[in-house]
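Contents: one structure, followed by commentary.
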Amino acid sequence: MRLGIGVAAFLLTLFCFALPAQAANSDALSHLLESRSCLGCDLKNADLQDADLRAVNLKGADLSGANLSGANLMAANLQQANLSKANLSNSTVFGVNLFNANLRQANIKGVRFGSARFCHTTLPDGKVFNQDC
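Here our numbering is used: the sequence shown runs in plain steps of one and ends on residue 236.
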């Protein structure tokens, strides 16, 4: 009986602490989709697969671990964004500002970076690329 109460208390505590983090992420995601801008937002592990993110402003946003597979990021501002371990496979990134962005360990399979701005940009392999400085 005591073991059951202990397990129930543990699970209740776990869910109480987990829900606010999820709500904050949901709030940031809603803000982004409504306003097309989310400066410095916490979008860690966000599911943005196939999202229309053309010309959004995500300067300084934390998109680490986010799923951006197939997303349209044309002309987006990702300056100083953290995209480490993000899935960008098959996304459209023409004209994207990646100044000082972090793409370490990001999945960029099938991505063409046409007219993207790279300056102090950390690539998936950890090397810093300074093409447009």
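In this text, a Cβ means the ideal position worked out from N, Cα and C, and glycines have one as well.
Next on the checklist: Please report the distance separating the alpha-carbon of G168 from that of D145.
Outcome noted: 11 Å
Checklist entry - Which residue from A189, F197, S218, F216 puts its Cα closest to that of L206? => result Answer by Cα proximity: A189.
Next on the checklist: At a threshold of 8 Å, does S167 count as lining the ligand HEM (C-beta to nearest heavy atom)?
Outcome noted: Among the components modelled here there is no ligand, and therefore nothing to report on the ligand HEM.
Checklist entry - Going along the chain, which residues of its own chain have a beta-carbon closer than 7 Å to the beta-carbon of D150, five neighbours each way excluded? => result N170
Item to check | For L186 and L166, believed in contact at Cβ under 8 Å, the rounded distance | outcome: 5 Å
Next on the checklist: For the alpha helix (DSSP H) containing H223, name the first residue and the last one.
Outcome noted: Note, H223: premise wrong, no alpha helix (DSSP H); not H, not E.
Next on the checklist: Under DSSP, the alpha helix (DSSP H) around G130 begins and ends at which residues?
Outcome noted: Looking at the sequence itself, residue 130 is Asp, so the reference to Gly does not match. Per DSSP, D130 belongs to the alpha helix (DSSP H) from 105-138.
Checklist entry - To which residues does DSSP link F232 through a beta bridge? => result T224
Checklist entry - Are N175 and A154 close, meaning C-beta to C-beta below 9 Å? => result Contact flag set, yes.
Checklist entry - How would you call N233, buried or exposed, if buried means at least 16 neighbouring beta carbons within 10 angstroms? => result exposed
Checklist entry - Where V164 and N210 are concerned, what is the direct C-alpha to C-alpha distance, given to the nearest angstrom? => result Reading the sequence as shown, one finds Ala at residue 164 and not Val. A164 and N210: Cα-Cα distance of roughly 18 Å.
Checklist entry - Name the DSSP bridge partner or partners of D150? => result Per DSSP, N170.
Next on the checklist: Is the separation between the beta-carbon of V159 and that of L191 shorter than 9 Å?
Outcome noted: no
Checklist entry - Should F131 and R157 be called a contact, given that it needs their Cβ atoms to be closer than 9 Å? => result The displayed chain sequence assigns Ala, not Phe, to residue 131. Against a cut-off of 9 Å, the Cβ pair of R157 and A131 comes out as no contact.
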